[in-house]
Amino acid sequence: MAVQHDDLDAAADDWLIGKAQAGDVDAYEVLVRRHRNRIYRIALRMLANPHDAEDVAQDVVIQLWTALAGFTGEGAFTTWLYRIVVNRCLNLVRRRPPVRPILDSDHPPTVGADDEVVARQRSEATLRAIGSMQPDLRAVFVLQQIEGLSYQEVATILDVPEATVRGRLYRARRHLLDTLRSWS
Amino acid sequence: MTIPRSDGRLACGRDVQGILDQVAEGRAAERDAHQSGCLHCWAALAEYDRLWSPVRELAAERVEAPASVLEVALEKIRQVVEHADYGLLGSAEGLTRISVRVVVAIARRSAQEVPGVRVALSRYRPGPGAEGGTAAASPRAAAGVTGGTTTVEVTLAADYGTDLVDLGDRVRRAVAARVRELTGMEPASVSVVVDDVLGER
């Protein structure tokens, strides 16, 4: 399992949040700069589309400014942030038509291109394969498998029991494994 | 290729789910006593580990947000802080400004239409940038707006005997859907305060 180790500093976040809640836009800018890659990364992996991810990340940065007034600090800021980003992505996914199935042309090349190109295309193909999962499975997979959060953290973010997280994660892994096998 | 049986087990009887979890959690090399001597398990672990490598690579990738993501959003926020009474919705043709009073009115009316709500009122819920501005100057406002996002608070009196938890959920859904439908703004949160229950009319 890979964990995305960003520079997390909860105390600094709390200080910036207090300033931002009092209307300090500069403090808010510093706060979102610290988390911008996390916001974009989750959106990209949930939506499998850089343009959609940019739109969602922008919306989230704007939404957070208003929503910060309601952040009580009882839970971790990052947990709260994950919830906002994931919900925003799920809203977008559920409003738009289903993603088309993975096609043969989506498979990454195995020969005939240099390593860097193959690696990039393989990454994009994997992203599309994740994007072809049902939204509920995708959210669990991105948060646990890709972001490396614990089952409990994922359960808190998605507001579902831990057993549900485990069940969805297994189904997501099976789905992805079947897709990956079809590339072989 | 190792083919699991129809019951989801390998030929040796081991559960495929366990093997897949083991690989996905990065523990393919940690074989237990059975796996150390089982060719079926060895083959399955090796195959799944090979197939899973693109996922590991994706998870390890460093992803940087484009600079434009922050710049555009922060610019909108700075604009809005100067016009805290309005939500701003941009399009290719121009900018639409929606007064916070509009959001307040929609929230109150949509809450009022929910069965079980006797009377719906409004209270203000200012965003961070509204301090000393919208909140102090407009104490009757019932929403905070920033860019295309709004937060709303509805205070209501319910019919006695109504399931209040369920009522809160229904009001929240109704208000969020109506605000989204009529203004195009995204309700970041809808708080419902059940202030009283009233008997028969």
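From first to last, the protein sequence lines stand for chains A and B. Going by full-length UniProt numbering, the first residue of the first sequence is number 1, and it counts up by one from there. Going by full-length UniProt numbering, the first residue of the second sequence is number 1, and it counts up by one from there. Just so it is clear, CB atoms sit at the ideal spot from N, CA and C, and this is done for glycine as well. As the structure is a computational prediction, the values presented were derived from the model and not from experiment.
DSSP beta-bridge partners for residue i?
{"i": "B:Val190", "result": "B:Val152"}
{"i": "A:Met114", "result": "According to the sequence displayed, residue 114 of chain A carries Asp and not Met. None; A:Asp114 has no bridge partner."}
{"i": "B:Leu198", "result": "B:Asp159"}
{"i": "B:Arg9", "result": "B:Asp15"}
{"i": "B:Leu121", "result": "B:Thr155"}
Quick one: is residue i near chain A, going by C-beta distance under 8 Å?
{"i": "B:Leu58", "result": "yes"}
{"i": "B:Thr150", "result": "yes"}
{"i": "B:Glu131", "result": "Here B:Glu131 scores only 42 on pLDDT, less than 50, and its place in the model is too uncertain to base an answer on."}
{"i": "B:Arg9", "result": "no"}
{"i": "B:Ile19", "result": "no"}
{"i": "B:Val55", "result": "yes"}
{"i": "B:Tyr48", "result": "yes"}
{"i": "B:Glu61", "result": "yes"}
{"i": "B:Pro66", "result": "yes"}
{"i": "B:Arg78", "result": "yes"}
{"i": "B:Ala188", "result": "yes"}
{"i": "B:Leu74", "result": "yes"}
{"i": "B:Val69", "result": "yes"}
For residue i, which residues in the same chain have their Cβ closer than 7 Å to its Cβ, ignoring the five residues on either side in sequence?
{"i": "A:Tyr28", "result": "Ala20 and Trp65"}
{"i": "A:His35", "result": "Leu81"}
{"i": "B:Ser110", "result": "Ala174, Val175 and Arg178"}
{"i": "B:Trp52", "result": "Val23 and Ala24"}
{"i": "B:Thr96", "result": "Leu89"}
{"i": "B:Cys12", "result": "Cys38, His40 and Cys41"}
{"i": "A:His175", "result": "Met133 and Leu137"}
{"i": "A:Arg166", "result": "Tyr151"}
Going along the chain, which residues of its own chain have a beta-carbon closer than 8 Å to the beta-carbon of residue i, five neighbours each way excluded?
{"i": "B:Asp15", "result": "Gly8 and Arg9"}
{"i": "B:Thr162", "result": "Gly116 and Val197"}
{"i": "B:Ile19", "result": "Leu10, Cys41, Ala44, Leu45 and Tyr48"}
{"i": "A:Arg171", "result": "Leu137"}
{"i": "B:Thr158", "result": "The displayed chain sequence assigns Ala, not Thr, to residue 158 of chain B. These residues qualify, in order along the chain: Gly116, Val117, Arg118, Leu164, Leu167, Val194, Asp196, Val197 and Leu198."}
{"i": "A:Gln152", "result": "Glu162"}
{"i": "A:Gly73", "result": "Asp14 and Ile17"}
Does residue i come within less than 8 Å of chain B when only Cβ atoms are used?
{"i": "A:Gly131", "result": "no"}
{"i": "A:Arg36", "result": "yes"}
{"i": "A:Tyr40", "result": "yes"}
{"i": "A:Val154", "result": "no"}
{"i": "A:Leu31", "result": "no"}
{"i": "A:Asp59", "result": "yes"}
{"i": "A:Ser150", "result": "no"}
{"i": "A:Val25", "result": "yes"}
{"i": "A:Thr126", "result": "yes"}
{"i": "A:Leu158", "result": "no"}
{"i": "A:Arg96", "result": "no"}
{"i": "A:Leu176", "result": "yes"}
{"i": "A:Gln121", "result": "no"}
{"i": "A:Ala48", "result": "no"}
Which residue marks the beginning of the alpha helix (DSSP H) containing residue i, and which one marks its end?
{"i": "A:Glu29", "result": "Val25 to Leu47"}
{"i": "A:Phe77", "result": "Phe77 to Arg95"}
{"i": "B:Val114", "result": "Premise fails: B:Val114 is in no alpha helix (DSSP H) and is neither H nor E."}
{"i": "B:Glu25", "result": "Taken as a continuous stretch (DSSP letters only), B:Glu25 belongs to no alpha helix (DSSP H), as it is neither H nor E."}
{"i": "A:Ala11", "result": "Ala10 to Gln21"}
{"i": "A:Trp65", "result": "Pro50 to Ala67"}
{"i": "B:Asp49", "result": "Leu39 to Leu51"}
{"i": "B:Ala177", "result": "Leu164 to Thr183"}
{"i": "A:Asp178", "result": "Glu162 to Trp183"}
{"i": "A:Asp136", "result": "Pro135 to Val140"}
{"i": "A:Glu153", "result": "Tyr151 to Leu158"}
{"i": "B:Gln35", "result": "Ala33 to Ser36"}
Between residue i and chain D, is the shortest Cβ-Cβ distance under 8 Å, so that the two count as touching?
{"i": "A:Tyr170", "result": "The structure shown contains no chain D; its protein chains are A and B."}
Closest to residue i by CA distance: which of the options is it?
{"i": "A:Gly75", "options": "A:Leu177, A:Ile157, A:Leu169 and A:Val93", "result": "A:Ile157"}
{"i": "B:Glu64", "options": "A:Arg41, A:Gly70, A:Ala11 and A:Val86", "result": "A:Arg41"}
{"i": "B:Tyr160", "options": "B:Ala188, B:Val194, B:Gly199 and B:Gly168", "result": "B:Gly199"}
{"i": "A:Arg120", "options": "B:Arg27, B:Glu61 and B:Asp169", "result": "B:Glu61"}
{"i": "A:Asp24", "options": "B:Pro66, B:Arg78, B:Gln35 and B:Ala59", "result": "B:Arg78"}
{"i": "B:Ala28", "options": "B:Gly37, B:Arg50 and B:Gly13", "result": "B:Arg50"}
{"i": "A:Leu44", "options": "A:Gly73, A:Ala11, A:Gln63 and A:Val93", "result": "A:Val93"}
{"i": "B:Thr155", "options": "B:Arg31, B:Leu58 and B:Val192", "result": "B:Val192"}
{"i": "A:Arg168", "options": "A:Ala155, A:Thr179 and A:Leu180", "result": "A:Ala155"}
{"i": "A:Glu54", "options": "B:Glu57, B:Ser68, B:Val55 and B:Arg56", "result": "B:Ser68"}
{"i": "B:Arg56", "options": "A:Asp178, A:Leu127, A:Val160 and A:Val32", "result": "A:Leu127"}
{"i": "B:Glu181", "options": "A:Gly18, A:Arg95, A:Gln63 and A:Pro50", "result": "A:Arg95"}
{"i": "A:Phe141", "options": "A:Arg122, A:Leu177, A:Asp115 and A:Asp114", "result": "A:Leu177"}
Only counting the same chain, and skipping five residues up and downstream in sequence, which positions put a Cβ closer than 6 Å to that of residue i?
{"i": "A:Asp14", "result": "none"}
{"i": "B:Thr183", "result": "Ile98"}
{"i": "A:Ile39", "result": "Ala57, Val60 and Val85"}
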